[in-house]
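K.L.:
Structure provided below as structure tokens; questions to follow.
Protein chains in written order, with my numbering: chain S, 18 to 199; chain R, 18 to 199; chain Z, 18 to 199.
See the structure below:
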């Protein structure tokens, strides 16, 4: 299993869409979607807002069930998830030890971009509501992503790759990701 | 259990004193005090200096016993400890894997501050003897705190929060901490 | 066991040669050499190039066998290895959790140097072929080394020390390393 993560606004979804067009043999599993399915079915949680506001203990239980589902997946899988999730209580690790130890990870990919470029992109996207995104808080989030990425890599033994998705260079970023997956 | 850690001089103790006045239902456990009690009772170590100079193996044994005590604590507990402890042999993790895996952690809080502000505060405090605190060594310590914080978070699955205790903004920092605990 | 790691070009080997002259009671084990021996004997891999290009799964199996050999070593041992290994698939942890949990680590040492000094040194060394070493990629590697170092320290409970091997100050760096080992 390959795991792809990204700083919000860095372009992970755009890259992943391009990758999935070119590599048909990979199944892309979205952690959030899988989590929501389990949250709805097993914890009676109706939507993402309710999930986000749920107690940390419940969030951990759901994460555990997601981990069990992921452990049982076979074949070429790309897990689309978050590295460090920014919550009001701090950065929640997208892949805590309890989940990681059950997964067979071939590679970890973090999509990031220049902080100032992300701030510019967000300004031009009026359809999305995001957190107050000043430089320092985005920098802190990007740093935490990198620190947790290193911990994920050490725990799984899988190599970790940082893709810098530069403005106007999407094709380069897509090729870097495909180079890892092939 | 919540765990609060800080860069020496960043103001963790001041914040914690304020927090304990306002949140009466939390029991604050100081790791160093608990460690010293165990070191004295079980390892015949007389004072903190002797403890600091003790062999790494003995320090690890004491840490293990502290971990056992902490695992057995119930209710609302704030553990007051260090993130990365600067020793002559390098940065010792305040919360190694062996201890962490036994704890039920709800949140991790790191109190830090601007490095230059810490240097200024230390100059004005003639009662405390501290290590040579030039910018680079404080920066390295602050970085290592953040890297280890991320590892603690990944291992425990608990969210981690970095409080920047700005000069003259103590009340803001206290409110941030209370916001996490409540 | 002490573990010494370094950014390529930072001078780890030079420091280690000096250390071994002065401390005769330490046995220095090179991870790469041990790995190559096992790769040749047990996996029929002929040389380092073949090893580097081998599948991640095979590299992991070899790492596991190396870990077993290391766990069984007694006495004063310095393990000479890499912190984060730069590969085309990303940074591979030199000491993944599976290996670390079997080792009894007394200390972790990372040898690094100013990025610009490393770039200068490489220019003056025409006998060695190295990767394209621009500032950003060396900085990313140095950062990843530090993040993984912190994770190794948290997992083993051993202190980690960063030696900054400054240009023209080799003796200082050697003394720092000896200070940790003694």
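Positions of the beta carbon are idealized from the N, C-alpha and C atoms, including for glycine. A quick note: this is a predicted structure, and the numbers were derived from the prediction, not measured.
1. Classify residue 46 of chain R as helix, strand or coil using the three-state DSSP reduction.
2. Could you give the C-beta distance for residue 63 of chain S and residue 176 of chain R, rounded to a whole number, given that I count them as a contact under 8 angstroms?
3. Can you tell me the Cβ-Cβ gap for residue 60 of chain R and residue 93 of chain R, rounded? I've got them flagged as a contact below 8 angstroms.
4. How long is the line joining the alpha carbons of residue 138 of chain Z and residue 26 of chain Z, rounded to whole angstroms?
5. Answer yes if the region 85-102 of chain R comes into contact with the region 158-170 of chain R, meaning at least three C-beta pairs across the two stretches below 8 angstroms, and no otherwise.
6. Bridge partners for residue 152 of chain S per DSSP, in chain order?
7. To the nearest angstrom, how far is the alpha carbon of residue 77 of chain R from that of residue 46 of chain S?
8. Is there contact between the region 71-87 of chain S and the region 113-123 of chain S, where contact requires at least three CB pairs shorter than 8 angstroms?
9. Using a cut-off of 7 angstroms between C-beta atoms, extract the partners of residue 178 of chain S located in chain Z.
10. Extract the residue ranges of the beta strand (DSSP E) inside the region 25-95 of chain R, only unbroken runs of 3 or more that lie entirely within it.
11. Whole angstroms are fine: how far does the CA of residue 170 of chain R sit from the CA of residue 114 of chain Z?
12. Rounding to the nearest angstrom, what Cα-Cα distance links residue 36 of chain R and residue 194 of chain R in this structure?
13. Locate the beta strand (DSSP E) running through residue 103 of chain S, then write down its first and last residues.
14. Measuring alpha carbon to alpha carbon, tell me which of R/97, R/24, R/189 ends up nearest residue 131 of chain R.
15. Please tell me whether residue 77 of chain S has its Cβ less than 7 angstroms away from any Cβ of chain R.
16. Please tell me whether residue 182 of chain Z and residue 28 of chain Z are closer than 7 angstroms, where the distance is taken between their beta carbons.
17. Helix, strand or coil: which one does DSSP assign to residue 161 of chain Z?
18. Assuming the contact rule is C-beta atoms closer than 8 angstroms, residue 33 of chain R and residue 21 of chain R should be a hit. Round their C-beta distance to whole Å, please.
19. Going by other Cβ atoms of all chains shown within 10 Å of its Cβ, with 16 needed for buried, is residue 123 of chain Z buried or exposed?
20. Can you tell me whether residue 174 of chain Z is buried or exposed, with buried defined as 16 or more other CB within 10 angstroms of its CB?
21. Report the three-state DSSP secondary structure of residue 98 of chain S (helix, strand or coil).
22. Helix, strand or coil, according to DSSP, for residue 112 of chain S in the structure here?
23. Within 10 Å of its beta-carbon, does residue 184 of chain R have 16 or more other beta-carbons around it, so buried, or fewer, so exposed?
24. Which residues does DSSP pair with residue 129 of chain S in a beta bridge?
25. Bridge partners for residue 21 of chain R per DSSP, in chain order?
26. Whose CA, out of S/96, S/142, S/31, S/180, lies closest to the CA of residue 157 of chain Z?
27. Determine, for residue 170 of chain S, whether the minimum Cβ-Cβ distance to residues of chain Z falls below 7 angstroms.
28. Give a yes or no on whether 7 angstroms exceeds the smallest Cβ distance from residue 60 of chain Z to chain R.
29. Could you work out which residues of chain R lie near residue 160 of chain S, taking near to mean beta carbons separated by less than 8 angstroms?
30. Given residue 79 of chain S, which residues of its chain have a CB within under 7 angstroms of its CB, disregarding the five upstream and five downstream residues?
31. Within 10 angstroms of its Cβ, does residue 152 of chain Z collect 16 or more other Cβ (buried), or is it exposed?
32. Does residue 197 of chain Z have its Cβ less than 7 angstroms from a Cβ in chain R?
33. Between residue 18 of chain S and residue 96 of chain S, is the Cβ-Cβ spacing less than 7 angstroms?
34. With a threshold of 16 other CB atoms inside 10 Å of the CB of residue 72 of chain R, please say whether the residue is buried or exposed.
P.N.:
The relevant details are as follows:
1. Taking the first residue of the second chain as position 1, residue 46 of chain R is located at position 29. It is a strand residue.
2. Here residue 63 of chain S corresponds to residue number 46 of the first chain, with the count starting at 1. Here residue 176 of chain R corresponds to residue number 159 of the second chain, with the count starting at 1. Not a contact, Cβ separation roughly 23 angstroms.
3. Here residue 60 of chain R refers to the residue found at position 43 when the second chain is read from its first residue. Here residue 93 of chain R refers to the residue found at position 76 when the second chain is read from its first residue. Incorrect: roughly 30 angstroms between the Cβ atoms, too far for contact.
4. If you number the third chain from 1, residue 138 of chain Z lands on position 121. If you number the third chain from 1, residue 26 of chain Z lands on position 9. Approximately 7 angstroms between the Cα atoms of the pair.
5. yes
6. By 1-based counting over the first chain, the position of residue 152 of chain S is 135. Partner(s): none; residue 152 of chain S has no beta bridge.
7. Here residue 77 of chain R corresponds to residue number 60 of the second chain, with the count starting at 1. Here residue 46 of chain S corresponds to residue number 29 of the first chain, with the count starting at 1. Going from the Cα of residue 77 of chain R to the Cα of residue 46 of chain S covers about 42 angstroms.
8. yes
9. Residue numbering aside, residue 178 of chain S sits at position 161 when the first chain is read from its first letter. Chain Z residues near residue 178 of chain S: 106, 107.
10. 44-47
11. Taking the third chain and counting its residues from 1, one reaches residue 114 of chain Z at position 97. Taking the second chain and counting its residues from 1, one reaches residue 170 of chain R at position 153. Cα to Cα, residue 114 of chain Z sits roughly 16 angstroms from residue 170 of chain R.
12. Within the second chain, numbered from 1, the residue matching residue 36 of chain R stands at position 19. Within the second chain, numbered from 1, the residue matching residue 194 of chain R stands at position 177. Whole-angstrom Cα-Cα distance: 8 angstroms.
13. Reading the first chain from its first residue, position 86 is the one you call residue 103 of chain S. Note, residue 103 of chain S: beta strand (DSSP E), 101-104.
14. Taking the second chain and counting its residues from 1, one reaches residue 131 of chain R at position 114. Residue R/24 is the option with its Cα nearest to residue 131 of chain R.
15. For the purposes of this step, residue 77 of chain S is identified with residue 60 of the first chain, where counting begins at 1. Yes, contact with chain R.
16. Looking up residue 182 of chain Z in the third chain gives position 165. Looking up residue 28 of chain Z in the third chain gives position 11. Yes. Within cutoff.
17. On the third chain, position 144 is the one that residue 161 of chain Z refers to. Three-state DSSP puts residue 161 of chain Z in a helix.
18. Here residue 33 of chain R corresponds to residue number 16 of the second chain, with the count starting at 1. Here residue 21 of chain R corresponds to residue number 4 of the second chain, with the count starting at 1. 6 angstroms between Cβ atoms; contact.
19. Counted from its first residue, the third chain places residue 123 of chain Z at position 106. Buried.
20. In the third chain, the residue the question calls residue 174 of chain Z occupies position 157. That one is buried.
21. Counting from one through the first chain, the residue named residue 98 of chain S turns up at place 81. Looking at residue 98 of chain S - three-state DSSP - the assignment turns out to be coil, as it is neither helix nor strand.
22. Along the first chain, one-based indexing puts residue 112 of chain S at 95. Residue state, collapsed to three classes: coil.
23. The count along the second chain starts at 1 and reaches residue 184 of chain R at position 167. Result: exposed.
24. Walking along the first chain from the start, residue 129 of chain S turns up at place 112. For residue 129 of chain S, which the question treats as bridged, DSSP gives the partners S/181.
25. Position 4 of the second chain, counted from the first residue, corresponds to residue 21 of chain R. Its beta-bridge partners are R/97, R/126.
26. As a first step, residue 157 of chain Z must be located in the third chain, where it is residue number 140. The candidate whose alpha carbon is nearest that of residue 157 of chain Z is S/180.
27. Looking up residue 170 of chain S in the first chain gives position 153. For residue 170 of chain S, the answer is yes, since a Cβ of chain Z falls inside 7 angstroms of its Cβ.
28. Reading the third chain from its first residue, position 43 is the one you call residue 60 of chain Z. Not an interface residue.
29. Against the first chain, residue 160 of chain S aligns to sequence position 143. The answer, in chain order, is 163.
30. Here residue 79 of chain S corresponds to residue number 62 of the first chain, with the count starting at 1. Excluding positions up to five away in sequence, the list reads 52, 55, 56, 60.
31. In the third chain, residue 152 of chain Z corresponds to position 135, counting from 1. When all chains shown are included, residue 152 of chain Z counts as exposed.
32. Residue 197 of chain Z sits at position 180 when you count from the first residue of the third chain. Chain R contact via Cβ: present.
33. As a first step, residue 18 of chain S must be located in the first chain, where it is residue number 1. As a first step, residue 96 of chain S must be located in the first chain, where it is residue number 79. The answer is yes: Cβ separation under 7 angstroms.
34. What you label residue 72 of chain R is simply residue 55 of the second chain in a count that begins at 1. Its Cβ having fewer than 16 others within 10 Å, residue 72 of chain R is exposed.
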